[in-house]
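Scroll down for the structure; my scribbles are underneath it.
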Amino acid sequence: MALNLRKMVIRNAVVNMTICFVLSIALALFSDAVAFKGANLGWLIVPALGIGLFSGWQTTAKIKTGILKSISHSFSYVPLAREAYAGNDTPGWGTIDDYAIQLETRGFSKLGEYTPYPPPKHFSGVVACFIDASASTLVEVQYIGVPAPSVPGTSSNLNGVHFSIASVVGGNIRVTTTDHTAMAANYLIRGDNDVVACYPDMGLLALLGKHEQLLGVLRQRTGKDLSSGLTMERYILMQRESFRQARRRVENTSGYELAKLVDAFEAKPLTKWAPPASRLAALPDAGLENFDTSPAAQGQPAIMQALTPTGSPSISTVIDNADNPVPDAAVSPAAIPDTLQNSA
């Protein structure tokens, strides 16, 4: 699948340029206004070339617009009552409860069960969230229902139970370990200080071990401590801040450069990425309470009130009316240090 986007850009430009050139020749042959001579071909190529270049630019502009539309402007979680859930698939509550027992025996406490708002367009999902005793690591046990056929651009193993483990180092370095398969969209839509490690199909307890290992390496190489005081609200605000940073970066990148990044990712998919350790070490230390008054805290609450039949739309109505996807979570690929890529 490598180079698909750039091939599409070039193909559209060439096809439109060729059509324009052929039509120009046809008009020249059947018009008395222009005597068809070899010297006139140059004049016919000029508008065709202009049409081709404009078509290529238009295609790259659509690529950029599509990526920007996929970045949520307002992202929240809504507390979920199990009996009220009406997604595209019935969550495996028993499976979620089994993982809850595993986490609680290791000192984690359950924060609640939630569904994202606005909900994703192409799948339904619920998350059970847990926090450790030091309030520094938050675990999501996710159940994702994908209607058949699956949506192009999503991983083949998206359906079912997944895990995402998040911590913060130094107050502003977001560290995530997950069993999701990394996609190009996840790489493009990431925060400036995000450190991500993906281990597709890995079990929860093994992921916890990988996460602790990654935190240890990161703390050693940055000289920063693990941040405590993580709450559900701050967890959502951290994601909003990452989306804000990603949106700014995409806005300042050309559509063709974005196509090159997607093609490069598909040609050689990444499972881990991070900014250079030296840059992370130079970041000023901060407290997680800074997120409470950050730009990410503006707008709708991070944790909204539970949706009820009276006064608010039902969850099924929200899902049916959803019109924009919420991505799960740029530094160029060359900026990803091998030392962090191979650390976990």
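Residue numbers for the sequence shown follow the numbering used here, beginning at -8 and rising by one. For every residue, glycine included, the Cβ atom is placed at its ideal position computed from N, Cα and C.
Task: Nearest-angstrom beta carbon gap, V166 and L196 [assumed within contact, 8 Å] - done: That pair is no contact at about 18 Å.
Open item on the list: For G214, count the other beta carbons within 10 Å of its own beta carbon; 16 or more makes it buried, fewer makes it exposed. Which is it?
Closed with: exposed
- [ ] Determine which residues share a DSSP beta bridge with E74 and list them.
- [x] DSSP lists no partner for E74.
Task: Extent of the continuous alpha helix (DSSP H) run through K201 - done: Residues L195 to T213.
Task: Candidates F234, Y226, D192 and M193: closest to N177 by CA position - done: Nearest C-alpha to N177: F234.
Task: Distance between S219 and G278 (C-alpha atoms, nearest Å) - done: Rounded to the nearest whole angstrom, the CA to CA distance from G278 to S219 is 8 Å.
TODO: Assuming L94 contacts V130 (C-beta within less than 8 Å), just tell me the rounded distance between them.
DONE: 6 Å
Task: Span separating the alpha-carbon of F154 from that of T86 - done: 12 Å
TODO: Can you give me the start and stop residues for the beta strand (DSSP E) that Y190 sits inside?
DONE: First-last for Y190: undefined, no H or E at that position.
TODO: Flag this pair as yes or no: are the beta carbons of E224 and S285 separated by less than 9 Å?
DONE: Here E224 is not near S285, since their CB atoms are 9 Å or more apart.
- [ ] Could you tell me the boundaries of the beta strand (DSSP E) in which T106 lies?
- [x] S100 to Y108
Open item on the list: Just to confirm my understanding: we take D183, look at its own chain, exclude 5 residues before and 5 after, and list those with CB closer than 6 Å. What are they?
Closed with: These residues qualify, in order along the chain: Q236.
Open item on the list: Using CA atoms only, rank isn't needed, just tell me which of Y226, L149 and F256 is closest to Y68.
Closed with: Y226
Task: Assigned exposure category for T96 - 16 Cβ within 10 Å defines buried - done: exposed
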